[in-house]
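**Q** The following block contains the structure, expressed as structure tokens.
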Amino acid sequence: MALVYEEAKAKIVEFINSKAKSKSKFYFNDFTALFPEEKGRDVKKILTQMINEEVLVFWSSGSTSMYGLHGAGKHADGED
Amino acid sequence: MAKHKTPLLDQLESGPWPSFVSDIKQEIASRYANPKGIDFQIPAECPDDLLGILELSYVEGETHWKHGGIVGVFGYGGGVIGRYCDQPEKYPGVAHFHTVRLNQPSGMYYKTDFLRQLCDLWELRGSGLTNMHGATGDIVLLGTSTPQLEEIFWEVTHNMNNDLGGSGSNLRTPSCCLGESRCEYACYDSQEMCYNLTNEYQDELHRPAFPYKFKFKFDACSLCCVASIARSDMSFIGTWRDEIRVDQKVVAAYVGGEIAPNAGAHAGRDWGKFDIQKEVVALCPSQCIRYEGGKLEINNKECVRCMHCICVMPRALKIGNDRGCSILVGAKAPILDGPQMGSLAIPFIKVDDDYAGVKEFIEATWDWWMEEGKNRERIGETLKRLGFAKLLEVTGTKADPRHVKEPRHNPYIFWKEEEVEGGWQREISDYRSRHQK
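These protein sequence lines are chains R and F, in that order.
FYI, in my numbering the residues of the first sequence are 1 to 80.
FYI, in my numbering the residues of the second sequence are 81 to 517.
In structure tokens:
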């Protein structure tokens, strides 16, 4: 079944908020697990759109990348 | 005049090797003198504070860099690596010290005007310090601040016809040898393939969705100048499947001393007369060469493509004409489980103009790894955990004796019940009629 953007976005945001007390950054696989019937590439399209809408931001250590809600946890301005 | 005293770093300059400390000091002097009157967009003291904070780390034995961060350009999940120091008041020049990776040209051919643009850009908007090239092979621009990132990206993409490279859980910047552009050993056009796949997989390069990093490297022959077999998750190594071409007259000329062996590469010292038995025949790892009665013979079926004989006598021996590449999977550095070399997955594939067969293999491999790979697990580790046979299965590759490294060492290829006539069921009484308990 094809993913509907608004529904998938709501599910992702809800998932992130449900974990907000313990963590602010998530691996890509955390999101594919939310949509076990869907292909990883389709989940990626949803995440990319959420990045482009600035709902999500990328976090990177240099070697690993993660996703987080815009403004949640440590962010660039807060690093100073 | 440098701000910080750096006695420990100064000591590093006393060795016989070129020193990064000396290079950074040169940049410090240049930025303070500023003979071109550059309007530096990040503090002129950036390289000075870099040495200062490094000296502090040497004194205290611990790092003052914080781990990662949210920096990047809009829509990109790689190419910029956020670095912040935890002593910004003391070392304001490196409060931000982000790294920018750019996609290097295939084979690392540069025009001088491009290099000049690059240096001018990095003097203006960065620290002036570069790393040409990083371990992945890309152009590494060291040290800039967050507000400069979009400016740098605009300049690079609009005025330099370039793009960011890969970092994080992305496809990393693909890299290749100079291939057919200069090398007679090239079995396929590694530069073209690198360029094609870089364009094809832009999404994988810039938007992270893999469990961890993934590197492509392209070597046009098995001399492996970019060491793809050891440094890339998927390496493409040129090979041939017919015979090494031998010109017996030229072999005789080498033996007679008319032509210098190794293309004259070891001419700086007198090594004595060229001895084909000792220098070629005896050094063949699969012992498939014979030189008798003035004739060189090669048992091509046993050749393992080490190319030593070709390198020693390049005018007499040439690569075969039926060329393509081998694909190996799973090389990595030793963070977990120790280092791994790539495992041969596709012994030979013709390199077509559209790379259709290659892309089919790549995408099947990725789909499997994205599904099964654990977070921060390289594909070489997934292979080790789930078995090489699984990769063959998901990519539709038929098991082949060439997949076995050596007998009884890695018996990862097992028969499945459906592949065996009669399956696993058997008539035990029939067996017992021939075998006692």
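Glycine is no exception: its CB is placed at the ideal position from the N, C-alpha and C atoms.
None of the values given here were measured: they were computed from a predicted structure.
Who are the near neighbours of Leu69 of chain R in its chain, counting only those whose CB is closer than 6 Å to its CB and skipping five residues on each side?
**A** Numbered from its first residue, the first sequence carries residue 69 of chain R at position 69. Contacts found: Ile16.
**Q** Using a Cβ-Cβ cutoff of less than 8 Å, which residues in the same chain neighbour Asp80 of chain R once the five nearest sequence positions on both sides are dropped?
**A** Mapped onto the first sequence, residue 80 of chain R falls at position 80. Confidence is the limiting factor: at Asp80 of chain R the pLDDT is only 42, short of 50, which leaves the residue's position unreliable, though a coordinate-based value still follows. Hits under 8 Å: none found.
**Q** For Ser22 of chain R and chain C, any beta-carbon pair shorter than 9 Å?
**A** Here chain C cannot be found, since the structure's protein chains are R and F.
**Q** Would Tyr511 of chain F be called buried (16 or more neighbouring beta carbons within 10 Å of its own) or exposed?
**A** What you label residue 511 of chain F is simply residue 431 of the second sequence in a count that begins at 1. Counting Cβ neighbours within 10 Å, Tyr511 of chain F comes out exposed, since fewer than 16 surround it.
**Q** What residue ranges within the region 267-313 of chain F form continuous beta strand (DSSP E) runs of no fewer than 3 residues, ordered along the chain?
**A** 296-299
**Q** Hey, is Tyr171 of chain F's beta-carbon within less than 9 Å of any beta-carbon in chain R?
**A** Taking the second sequence and counting its residues from 1, one reaches residue 171 of chain F at position 91. No, Tyr171 of chain F lies away from the interface with chain R (no Cβ there is under 9 Å from its Cβ).
**Q** So, using beta-carbon positions, are Arg465 of chain F and Pro291 of chain F closer together than 9 Å?
**A** Locating residue 465 of chain F in the second sequence gives position 385, counting from the first residue. Locating residue 291 of chain F in the second sequence gives position 211, counting from the first residue. 9 Å or more divides the Cβ of Arg465 of chain F from the Cβ of Pro291 of chain F.
**Q** Looking only at its chain, what residues have a beta carbon closer than 7 Å to the beta carbon of Glu107 of chain F, apart from the 5 residues adjacent to it on each side?
**A** Start at 1 with the first residue of the second sequence, and residue 107 of chain F comes out as number 27. So the qualifying residues of the chain are Pro127, Gly208 and Leu209.
**Q** If you draw a straight line from the C-alpha of Arg506 of chain F to the C-alpha of Tyr67 of chain R, how long is it?
**A** Position 426 of the second sequence holds residue 506 of chain F. Position 67 of the first sequence holds residue 67 of chain R. One C-alpha to the other measures close to 54 Å.
**Q** Assign Trp59 of chain R to one of two classes, buried (16 or more other C-beta atoms within 10 Å of its C-beta) or exposed (fewer than that).
**A** Taking the first sequence and counting its residues from 1, the one referred to as residue 59 of chain R is at position 59. By the 10 Å Cβ count, Trp59 of chain R comes out buried.
**Q** Is Cys386 of chain F helix, strand or coil by DSSP?
**A** One-based indexing of the second sequence puts residue 386 of chain F at position 306. Reduced to three states, the DSSP call for Cys386 of chain F is coil.
**Q** Could you tell me whether the region 126-146 of chain F touches the region 94-105 of chain F, where touching means 3 or more Cβ pairs closer than 8 Å?
**A** yes
**Q** Thr179 of chain F bridges to which residues according to DSSP?
**A** For the purposes of this step, residue 179 of chain F is identified with residue 99 of the second sequence, where counting begins at 1. Looking at the DSSP output, Thr179 of chain F bridges to F:Ile161 and F:Leu222.
**Q** Quick one: complete beta strand (DSSP E) runs, 3+ long, within the region 17-66 of chain R?
**A** List check, beta strand (DSSP E) in window: 56-60.
**Q** If the criterion is Cβ atoms closer than 9 Å, does the pair Ser308 of chain F and Lys293 of chain F meet it?
**A** Residue mapping note: residue 308 of chain F aligns to position 228 of the second sequence, counting from 1. Residue mapping note: residue 293 of chain F aligns to position 213 of the second sequence, counting from 1. Going by C-beta atoms, Ser308 of chain F is not nearer than 9 Å to Lys293 of chain F.
**Q** Have a look at Ala76 of chain R and Val431 of chain F and give me their C-alpha separation to the nearest angstrom.
**A** The residue you call residue 76 of chain R lines up with position 76 of the first sequence. The residue you call residue 431 of chain F lines up with position 351 of the second sequence. Unreliable placement is indicated for Ala76 of chain R, whose pLDDT of 46 sits below 50; no coordinate value is reported for it.
**Q** For a quick check, are the C-beta atoms of Leu303 of chain F and Cys391 of chain F less than 9 Å apart?
**A** The residue labelled residue 303 of chain F in the question sits at position 223 within the second sequence. The residue labelled residue 391 of chain F in the question sits at position 311 within the second sequence. In contact: Leu303 of chain F and Cys391 of chain F (Cβ atoms closer than 9 Å).
**Q** Might you give, ordered along the chain, the residues of its own chain that have their beta carbon closer than 6 Å to the beta carbon of Tyr371 of chain F, omitting 5 neighbours on each side?
**A** Counting from one through the second sequence, the residue named residue 371 of chain F turns up at place 291. Result list for Tyr371 of chain F: Ile356 and Val361, in chain order.
**Q** Short of 7 Å Cβ to Cβ, which residues in the region 273-305 of chain F face chain R?
**A** Here the close residues are Arg287, Pro288, Ala289, Pro291, Tyr292 and Lys293.
**Q** Could you tell me if Ser18 of chain R is buried or exposed, where buried requires 16 or more neighbouring beta carbons within 10 angstroms of its beta carbon?
**A** Along the first sequence, read from residue 1 onward, the residue named residue 18 of chain R stands at position 18. Exposed, since its Cβ has fewer than 16 Cβ neighbours within 10 Å.
**Q** Per DSSP, what are the beta-bridge partners of Ile426 of chain F in this structure?
**A** Position 346 of the second sequence holds residue 426 of chain F. F:Ile407, per the DSSP bridge assignment.
**Q** Residue ranges of each beta strand (DSSP E) run of no fewer than 3 residues wholly in the region 308-377 of chain F, ordered along the chain?
**A** 314-320 and 369-372
**Q** To which residues of the same chain is Cys274 of chain F closer than 6 Å at the C-beta, ignoring the five residues directly before and after it?
**A** Mapped onto the second sequence, residue 274 of chain F falls at position 194. Within the same chain, Cys274 of chain F has close Cβ partners Ser186, Pro254, Cys256 and Phe298.
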